[in-house]
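Student: Please find one structure pasted underneath; my questions will follow.
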Ligand code: AHM
Ligand code: MG
C-alpha cells in the first residue's frame, strides 16, 4: 500500500461506489469509530485510569458488570445520540432499547452493540473488543411515523447494513463490512486516525485450528463432541491431520484470529443451561460476526441453520455459534443433521 487510506476516505469511496453506503450511514460509522477510539484510550489506561474491576451491578443477563463495560456503553451512547442518524440503540448492557431523546433529531438507523466483549479479560490485560451491528428501521407505511420499538430491531442478520468490531489488543484494529468484503483499519495513535491495513480479507476454507472452551466438554451435545474428538485424534484419526487449539475467551479476539489466519470457533448449546440456546447473543454478537465471516468467504451456523437467517423474537436472545473456515463449519453442521 503506497499512500495511507484513512477510514474516512475508505467510507467516502464506499459512498461514491454505486449502491454502497448512503452518507448518513457513512457518518454513523465515523461516529462509532470515534467512540471506539475513546474506549481504546480508556482500555489503555487500565489501572492508571481507575477503570479496572467490577461496577457492583448486573446486566439484563444477570452478569456482573465491569467498570469498563459501563464506561464503554456510555461512550457509545454519548457519541451516537446527537448525530441525527439513529432512531434508537440497543446494547448488551441495557435491558431495553434506547430511543434517541426528543431533544435531538432522529434518523432511520438502529445501532446495536456489545460495548466491551470478553469482559473477563479486562483485568488480566488480554484482548477485548467492541462489537456493533447496524440495521435500518423498516417503514411499511410511509404516511405514518411510528415511534421506534423493540420490534423494529427484531430483523434477521441478513438485513444488516453494516457490521464490525474493534479489537483492543497489542494494536487497536477496527474491522468493518458494509456488504462489500471485509476491511481492517489499524489505529495510528500519533495521527489519531484509523488507517486501512487490509482489504478483501479472506478466510481459507480449510483449517487445522479450532477454538472452543474445552472445560465444557462433558456438557456438549453429540455432534460437537464427535467433531472435537476427531480433531483431537489428529493425524492418526479420521481427519488425517493434526489440529491446534486456541481459546481467548473474547469472541472478538478469536474471530480476529480466524479472519487473519483461518480457524473455526464454536460456542455451542450445552447441558449446563439446557433451556438457553447458547451463551452468546444473536443480535449484537453472533449476527455482526457472522456477516464479517461470510463476507470473508467463511460460514456461520447454529448447527442447523445459517445464523443470519434466524428470525429474532427477543432483543437479548442467545444462540449457538459455529463460525469460521467454510469446510469445517459445514462439517460440524452436517454432523448435526445426522443426529
Ligand atoms: P461477554 O459479552 O459477557 O464478555 O461474554 C461473551 C464472551 C465471548 O467473548 C467469549 O467467546 C465467551 O464469552 C467466553 O465464555 P467462557 O468464559 O464461557 O469461555
Ligand atoms: Mg459479549
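Numbering (my numbering), first residue to last: 905 to 1243. Glycine included, each C-beta is placed from N, C-alpha and C at the ideal position. Computed from a predicted model, the values in this text were never measured in an experiment.
Which ranges would you report for the beta strand (DSSP E) in the region 1019-1050 if only whole runs of at least 3 residues count?
Tutor: 1032-1040, all fully within the region 1019-1050.
Student: Figure out for me which residue from 908, 907, 930 and 922 has the closest Cα to the Cα of residue 915.
Tutor: On the chain shown, position 11 is the one that residue 915 refers to. When only C-alpha atoms are compared, the closest one is 930.
Student: Any heavy atom of the ligand NAD closer than 7 Å to the Cβ of residue 1129?
Tutor: The model depicted lacks the ligand NAD and carries the ligand AHM and the ligand MG instead.
Student: From the DSSP secondary-structure annotation, give me the bridge partner or partners of residue 1070.
Tutor: One-based indexing of the chain shown puts residue 1070 at position 166. Answer is 1034 and 1078.
Student: To the nearest angstrom, how far is it from the Cα of residue 934 to the Cα of residue 1066?
Tutor: As a working note, residue 934 is residue 30 in the chain shown. As a working note, residue 1066 is residue 162 in the chain shown. Those two C-alpha atoms are separated by around 12 Å.
Student: Are the beta-carbon atoms of residue 1152 and residue 1233 separated by less than 8 Å?
Tutor: For this step, residue 1152 is matched to residue 248 along the chain shown. For this step, residue 1233 is matched to residue 329 along the chain shown. No; because the gap between Cβ atoms is not below 8 Å, this pair is not in contact.
Student: Skipping 5 residues on each side, what residues in its chain have a beta carbon closer than 6 Å to that of residue 1193?
Tutor: Start at 1 with the first residue of the chain shown, and residue 1193 comes out as number 289. These residues qualify, in order along the chain: 1159.
Student: Residues with a Cβ closer than 5 Å to any heavy atom of the ligand AHM, in chain order?
Tutor: Chain-ordered list of matching residues: 1021, 1022, 1023, 1117, 1153, 1154 and 1155.
Student: Grab the span of the alpha helix (DSSP H) containing residue 944 for me, first residue to last.
Tutor: The sequence position of residue 944 within the chain shown is 40, counting from 1. Note, residue 944: alpha helix (DSSP H), 927-949.
Student: In angstroms with no decimal places, state the Cα-to-Cα distance between residue 1042 and residue 1015.
Tutor: Taking the first residue of the chain shown as 1, we reach residue 1042 at position 138. Taking the first residue of the chain shown as 1, we reach residue 1015 at position 111. Whole-angstrom Cα-Cα distance: 14 Å.
Student: Drop a sphere of 10 angstroms on the beta-carbon of residue 970, count the other beta-carbons inside from all chains shown, and report buried for 16 or more, exposed for fewer.
Tutor: The residue labelled residue 970 in the question sits at position 66 within the chain shown. So residue 970 ends up on the buried side.
Student: Quick check on residue 1008: does DSSP put it in helix, strand or coil?
Tutor: Against the chain shown, residue 1008 aligns to sequence position 104. The answer is coil: DSSP assigns residue 1008 none of H, G, I, E or B.
Student: Evaluate the contact criterion for the region 1111-1125 versus the region 1066-1082: three or more CB pairs, one atom per stretch, below 8 Å.
Tutor: These segments do not touch.
Student: Label residue 977 either buried or exposed according to how many other C-beta atoms from any shown protein chain fall within 10 Å of its C-beta, with 16 as the threshold for buried.
Tutor: As a first step, residue 977 must be located in the chain shown, where it is residue number 73. Buried, since its Cβ has 16 or more Cβ neighbours within 10 Å.
Student: Let me confirm a value: residue 1212 is counted as buried when at least 16 other C-beta atoms fall within 10 Å, else exposed. Which label applies?
Tutor: Locating residue 1212 in the chain shown gives position 308, counting from the first residue. That one is buried.
Student: Is the distance from the Cβ of residue 1107 to the Cβ of residue 1170 below 8 Å?
Tutor: By one-based count along the chain shown, residue 1107 stands at place 203. By one-based count along the chain shown, residue 1170 stands at place 266. No, these two residues do not count as a Cβ contact at 8 Å.
Student: Considering only the beta carbon of each residue, do residue 1068 and residue 1162 sit closer than 8 Å?
Tutor: Residue mapping note: residue 1068 aligns to position 164 of the chain shown, counting from 1. Residue mapping note: residue 1162 aligns to position 258 of the chain shown, counting from 1. It is not a contact, given that the beta carbons lie outside the stated cut-off.
Student: When you compare only the Cα positions, how much space is there between residue 1208 and residue 947?
Tutor: As a position in the chain shown, residue 1208 is number 304, starting the count at 1. As a position in the chain shown, residue 947 is number 43, starting the count at 1. When rounded, the distance between both Cα atoms is 37 Å.
Student: Taking the CB atoms as reference points, tell me whether residue 1052 and residue 1003 lie closer together than 8 Å.
Tutor: For the purposes of this step, residue 1052 is taken as the residue at position 148 of the chain shown. For the purposes of this step, residue 1003 is taken as the residue at position 99 of the chain shown. Yes, the Cβ-Cβ distance between residue 1052 and residue 1003 is below 8 Å.
Student: With the cut-off set at 8 Å, would you say residue 920 and residue 983 are in Cβ contact?
Tutor: Taking the first residue of the chain shown as position 1, residue 920 is located at position 16. Taking the first residue of the chain shown as position 1, residue 983 is located at position 79. In this structure, residue 983 does not lie closer than 8 Å to residue 920 by Cβ.
Student: Looking at residue 943 and residue 1188, is the spacing between their C-beta atoms short of 8 Å?
Tutor: The residue given as residue 1188 occupies position 284 in the chain shown. The residue given as residue 943 occupies position 39 in the chain shown. Going by C-beta atoms, residue 1188 is not nearer than 8 Å to residue 943.
Student: Give me the DSSP bridge partner(s) of residue 1187.
Tutor: The residue you call residue 1187 lines up with position 283 of the chain shown. In the DSSP output, where bridge partners are listed per residue, residue 1187 has none listed.
Student: Distance, Cα to Cα, residue 987 vs residue 1105?
Tutor: Position 83 of the chain shown, counted from the start, is the residue given in the question as residue 987. Position 201 of the chain shown, counted from the start, is the residue given in the question as residue 1105. The alpha-carbon atoms of residue 987 and residue 1105 are separated by roughly 30 Å.
Student: Measuring alpha carbon to alpha carbon, tell me which residue in 1134, 1215, 1090 and 1155 is nearest residue 1146.
Tutor: Here residue 1146 refers to the residue found at position 242 of the chain shown. Among 1134, 1215, 1090 and 1155, the Cα nearest to that of residue 1146 belongs to 1134.
Student: Compare the beta carbon distance of residue 1199 and residue 1085 with 8 Å and say whether it is the shorter of the two.
Tutor: Stepping through the chain shown from its first residue, residue 1199 is reached at position 295. Stepping through the chain shown from its first residue, residue 1085 is reached at position 181. It is a contact, given that the beta carbons lie within the stated cut-off.
Student: Is the beta carbon of residue 965 less than 8 Å from the beta carbon of residue 1220?
Tutor: Working through the chain shown from its first residue, we reach residue 965 at position 61. Working through the chain shown from its first residue, we reach residue 1220 at position 316. Yes, the pair counts as a contact, with Cβ atoms nearer than the cut-off.
Student: Near residue 985, which residues of its chain fall below 7 Å by C-beta distance, leaving aside the five closest residues on each side in sequence?
Tutor: Here the question's residue 985 lines up with position 81 in the chain shown. These residues qualify, in order along the chain: 1004, 1005 and 1008.
Student: When the Cα atoms are used, what is the spatial distance from residue 953 to residue 975?
Tutor: Locating residue 953 in the chain shown gives position 49, where the first residue counts as 1. Locating residue 975 in the chain shown gives position 71, where the first residue counts as 1. Distance between the alpha carbons of residue 953 and residue 975: 11 Å.
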